[in-house]
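Written out below as C-alpha cells is the structure these notes cover.
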Amino acid sequence: MSTTEQVSSSSSSPIVVTTWPFINATRNAFAKMMTPGATCLDAVEVGCRTCEDEQCDASVGWGSHPAEDGETTLDALIIDGRTMSVGAVANLHRIKNAIGVARAVSQYSTHSLLV
1 MSTTEQVSSS SSSPIVVTTW PFINATRNAF AKMMTPGATC LDAVEVGCRT CEDEQCDASV
61 GWGSHPAEDG ETTLDALIID GRTMSVGAVA NLHRIKNAIG VARAVSQYST HSLLV
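Below is the structure:
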C-alpha cells in the first residue's frame, strides 16, 4: 500500500507499516499476512527475513558492515504484542536470518535474549 492511498478509519483491512521504504520486504510481509492462517508475527518475520536476504540499505543482514575482524554479526528482536512474548538474539556469527532465531527463542526457550 502506498502512502497516498486512503484507508477508512472503520476499515478492518490489514496494513503493514514500515519505517523505511523497503518495498520487497513490505510486499512480502503483506502477502504473508493475507495467507489464510498466517499471523501478524509471521508477516513481521517474513518482512525482516526479506531485508536480511536482500541486505536492505546495505545495513541489514549477513555481509553488511563487518567488524574489524571482517566478520558480520547479527542481532534481532521480535515481540508478540498480544502475549508480550519476546525473543531476541545478539552477536550471531554465520547465521543468515537472525529474525528466525529470535522468534525461535521466543517460542521455544524460557529465555528472552540469547547472546
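If you read the sequence shown in the UniProt record's numbering, its first letter stands for residue 1, the second for the next number, and so on.
Built from N, CA and C at the ideal position, the CB exists for glycine as well.
This structure is a prediction, so every number in the text was calculated from the model and none was measured.
#1: What does D80 pair with, by DSSP beta-bridge criteria?
#2: Assign D75 to one of three DSSP states: helix, strand, or coil.
#3: In this structure, does DSSP put A104 in helix, strand or coil?
#4: Given a threshold of 16 other Cβ atoms within 10 Å of its Cβ, counted over all protein chains shown, does I78 qualify as buried or as exposed?
#5: Note down, in chain order, each residue of its chain lying with its Cβ closer than 6 Å to the Cβ of A38, except the 5 sequence neighbours on either side.
With the structure as the only source:
#1: S85
#2: Strand.
#3: Taken through DSSP and simplified to helix, strand or coil, A104 comes out as helix.
#4: buried
#5: K32
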